[in-house]
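Everything in the sequence shown is counted per this note's numbering, starting at 2 for the first residue and increasing by one.
Report on the structure given below.
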Amino acid sequence: LGWGFWLSWIPLLIGLGLMFFGWALMESPWMHVKVHSNEIGKKYNFIFSMPVPFNIGRWVMNNFGQYMPDEVKSQEILNVLDQAEASIKNGEPFQVQVDDDKDGTKVDIFIN
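Take a look at the structure:
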């Protein structure tokens with residue numbers, strides 16, 4: 002068995018990893034971020050949507066949580082992820098709205 006055989010495993014493993022990551026994203030809720038700025042001279046609208054992979058976040062915290070700083074461990078991120086995912090699956094979206102009175106900028110974050 003030559004080098005070509007062993008090096009051919011690298012793209013295979015990368016492809017399998019990307020397939021798993023894509024499957025996890027298909028099962029994830031989506032986060033929509035909308036920013037509307039009315040600041041003088043800088044009016045713009047920014048809209049961004051992406052999946053939020055709670056299951057990958059839970060896996061990372063389960064496997065690598067012991068390496069996190071103590072400040073992160075004390076916040077019980079796994080419980081927060083579980084509660085957020087359970088409420089979203091029950092049809093209760095998570096929404097944050099921020100309005101800046103100074104310059105009229107509005108930020109809306111919506112996870113469903």
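Quick reminder that beta carbons are idealized off the backbone N, C-alpha and C, glycines included.
Computed from a prediction, not measured in an experiment: that's the story for all the values here.
Classify residue i as buried or exposed, calling it buried when 16 or more other Cβ atoms lie within 10 Å of its own Cβ.
i	result
I15	exposed
S29	buried
E86	buried
With DSSP run on the structure shown, which of helix, strand or coil describes residue i?
i	result
V53	coil
I11	helix
N64	helix
Under DSSP, the beta strand (DSSP E) around residue i begins and ends at which residues?
i	result
Q98	95 to 100
Could you check where the alpha helix (DSSP H) with residue i kicks off and where it finishes?
i	result
S88	78 to 90
K1	Only positions 2 to 113 of the chain appear in the structure, and residue 1 is not among them; the question remains open.
Thinking C-alpha only, which one of the options is nearest residue i?
i	options	result
N39	F111, N113, G105	G105
N56	L82, I112, D71, L2	L82
When the Cβ atoms of the region 61 to 70 are set against those of the region 20 to 40, are three or more pairs found closer than 8 Å? These segments do not touch.
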